[in-house]
Structures are given as C-alpha cells and as structure tokens.
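Here the structure comes first, spelled out in structure tokens, and everything after it is commentary.
2 protein chains.
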Amino acid sequence: MSKAIAGPEIERLIQLLARVPGLGPRSARRAALHLIKKKEQLFAPLSSAMAEALERVRICSTCGNVDTSDPCTICTDPRRDGATIIVVEDVSDLWALERAGAMNARYHVLGGTLSPLDGVGPDDLNIKGLVSRVAEGGVSEIILAVNATVEGQTTAHYITDQMAGMDVKVTRLAHGVPVGGELDYLDEGTLAAALKSRTAF
Amino acid sequence: MSKAIAGPEIERLIQLLARVPGLGPRSARRAALHLIKKKEQLFAPLSSAMAEALERVRICSTCGNVDTSDPCTICTDPRRDGATIIVVEDVSDLWALERAGAMNARYHVLGGTLSPLDGVGPDDLNIKGLVSRVAEGGVSEIILAVNATVEGQTTAHYITDQMAGMDVKVTRLAHGVPVGGELDYLDEGTLAAALKSRTAF
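Residue numbers (our numbering), protein chains in the order written: chain A, 1388 to 1588; chain B, 1388 to 1588.
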C-alpha cells in the first residue's frame, strides 16, 4: 500500500508477508486480513508456531538437512542404512525423496549446484563434508540425485572426480518416462534416454 | 508431508502456513524452507512482526476497520469528511478505495453481504452500527460501495430501506466501462449500464 492506513505493525506484517515465496504484495494483504479475521483459529497459532520453529530450527552439521536437532533425525536414526548416501541439491529435494519413501538411506545436501556464471564454486557447496563422510568409511554407495540440468550434471561430474580412488560406488538416478507420463508430451532427450535404458518386460 | 521428517515444530509451521490464503500444502513447504534459509533476513523479522501485529491489531468499534487503535486512524482523523460514509462489504474493499484515494470520507465495514442461502441475515452484519451512526446526526451522504453482485445489491436495498425517514442521501457507485477496459471484453449488462449513464463529452 502506498498510504499507511492500517497501523505500522500491520503494514510491516504485509510487507514481510509479500516477501514469502508464493505471496505477492496483493496476496500478502489478503493473507494479513485473513489472519486478522481468523485471529484465534489461525493468526495466534501461526505466530507461536513461527516463533517456536525459528528458535528451534537447526541445520544438520553432518548432512545439511533442516531439523530441530543437530545431527538431524535421519542422521541419528539407527534404522537408516548408513552405507548409502543420497546426494541432493536442496532440502526440498530431500523432502521430495522422503515422500517417495523408496530408499531407507541417509542424505547429503549440497546447498546448490556448481555454477561458474553465478560465481558458485566447489567451496560454496557442502562437497568437502561429503568427501570426509566417505573418507571416514562405512559408505559403499553414493547416489547422485541432482537435477537433470546442466548445472546439476556438472556438479555430479565434479563429485564423481572427487570420489576417484575412494572405495565407493557412485550412481545416479535413472532417466526415463515419468510414471503416468504421456510420450506425446515428452522431449526427445528423455525419450532417447528411455529407449536406451529400456528394461525387460 | 505424510511422514514427519523435519521436526514437529517445522511440520506444524508448514501445516499452518498451508492454511494461509494464497499458499497450499506444496507452497507452504517451499515458504517454510525459504524462511529457514533466510533466517536473519526474513524469518526472524516476520516472526516478530507477526507477534506484534497479533498483539496490537484491533477492530474499530465505530466502523469495523482493522487497525492498531480503536477507534481507527480514519475515524479519528479530523481531516476526514465525517458527513460522508462509504459503506463497504469488507476491509479489503476499504483498502482498495483508500489506494484509489478519490474520497476523503469515513467508512463503514459491513463484514459481508446478506445471503439467506448461507444463513447471513441483517443481524450478522454491522448494519445496526451504521443506522446508529446516521441517527447520531452529522452524516449527509451514504455511498453504498458494495460489490455489483446479487448479494451486494440485496444488501444495498436493505440498507436503503433502513435509511428511510432519515435525513441522509443514499448513493451507489456508478456502473460503466472500467478505465483502460476494452468494450469487446465487457459483458452486455455493463455495456447497457454504461450507455444508459452516458455523460457529455
């Protein structure tokens, strides 16, 4: 709002809400009004949840995951297979893989991808941490679950180079047709990869 | 998330963020991660802005506006023309009119529209408050700035009936072509109204 008409505290709340991804200036106003209307049902619980999460959130010093404990729940879970580390770019990828629930492994969050154009080098990512986790022993496989983008693949190659000489298998996610996907809508690269990696039916 | 993997406090934050209009379950996760990554720049300021707004927000007992003082800034502003009251359905409409900045009047927020099907009757809206503001005297015009929907117009008629016998002029917003609008995309009702209310050029 150009003019402050709803009190400085509410204006400030709207301004900050507008910086949350998914909300813009207009939807931030709508969100603020909704919160004010649902003061007891939503505004108060959200405010205290936010304060509590803010106070308790930690970045796991082992794998880079976000949790309320350090090391995180996954790193300390004895039922997890510590011999397999799934390497992801971001915590959101870790969450996506956990929702898939296909592997009972541990993770390593890089915090991005190598991108010389954006000035992101190996030291800006959590790659050294990965190397020392492998060097400590007990890890037999590293699954590179990075995005299938140029930056993701560059990062994958760099990590593979770092693992040279260590006794660890480096694998990557399979390329292919997404489950439920229609061939007609897929790009040529994916179709070619799916054909190349065809499996017995 | 079906599985709690990021600590109960973060899960709870995601659940509550998902109930904010404009955010869904998926964007709530993305928003929570963004907040955690921008802990100092965004998460901490937003958390404190939220706590402060929650504590200080008031509904104006005169007009129903949302502010940090009661009566609100607009109701207590001596530069405002107290003889004109703009009646709106919702605080968001008040904010929209304030952004337009076309009138220096006061407001009255109904808190909705009459809607017998949804069980919203006159007593569920802030209509009595409007009648008593007019009855107190000093008000010469009421501008019905309700939405041009069936419910909005029903509410406008009801309020006009309540003002019968009082010394107050009741007006409504003009119908017509939106500024910058193209005729081709307008509905027949709007075009008919714009023709009927044509003005000298």
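Just so you know, even glycine gets a beta-carbon here, dropped at the ideal spot from N, CA and C.
None of the values given here were measured: they were computed from a predicted structure.
| Query | Result |
| --- | --- |
| Residue 1468 (chain A), enclosing beta strand (DSSP E) - first and last residue | 1468–1475 |
| Any alpha helix (DSSP H) of 4 or more consecutive residues that is wholly inside the segment 1487–1531 of chain A | 1514–1522 |
| For residue 1558 (chain B), the first and last residue of its enclosing alpha helix (DSSP H) | Element bounds for residue 1558 (chain B): not the alpha helix (DSSP H) but the beta strand (DSSP E), 1556–1559. |
| Residue from B:1493, B:1442, B:1422, B:1407 with nearest C-alpha to residue 1421 (chain A) | B:1407 |
| Proximal chain A residues relative to residue 1406 (chain B), where beta-carbon distance stays under 7 Å | 1429 |
| Interface flag, residue 1421 (chain A) vs chain B, CB-CB below 8 Å | yes |
| Segments assigned alpha helix (DSSP H), at least 4 residues, entirely inside the segment 1394–1477 of chain A | 1395–1404, 1412–1424, 1431–1443, 1460–1463 |
| Closer than 8 Å to chain B by CB, residue 1397 (chain A) | yes |
| Where the alpha helix (DSSP H) containing residue 1545 (chain B) begins and where it ends | 1537–1549 |
| Whole-angstrom C-beta distance between residue 1532 (chain A) and residue 1560 (chain A), which should lie under 8 Å | 5 Å |
| Contacts of residue 1439 (chain A) in chain B (Cβ-Cβ under 7 Å) | 1396 |
| Counted within 10 angstroms of its Cβ, other Cβ atoms place residue 1389 (chain B) as buried (16 or more) or exposed | No answer about residue 1389 (chain B) holds up, because its pLDDT of 44 lies below 50 and its placement is not dependable. |
| Chain B residues whose Cβ lies nearer than 9 Å to that of residue 1493 (chain A) | Going along chain B, no residue has its Cβ under 9 Å from residue 1493 (chain A), so there is no contact; the nearest lies around 12 Å. |
| Neighbour flag for residue 1583 (chain A) against chain B, beta carbons, 8 Å | no |
| Rounded C-alpha distance that separates residue 1478 (chain A) from residue 1491 (chain A) | 16 Å |
| Residue 1460 (chain A) at chain B interface by Cβ criterion, 8 Å | yes |
| Near-chain B residues of the segment 1442–1457 of chain A - C-beta to any C-beta below 9 Å | 1442, 1443, 1444, 1445, 1446, 1452, 1453, 1454, 1455, 1456 |
| Interface flag, residue 1475 (chain A) vs chain B, CB-CB below 8 Å | no |
| Chain-order list of residues whose beta-carbon lies under 6 Å from that of residue 1449 (chain A) (same chain, five-residue window excluded) | 1458, 1462 |
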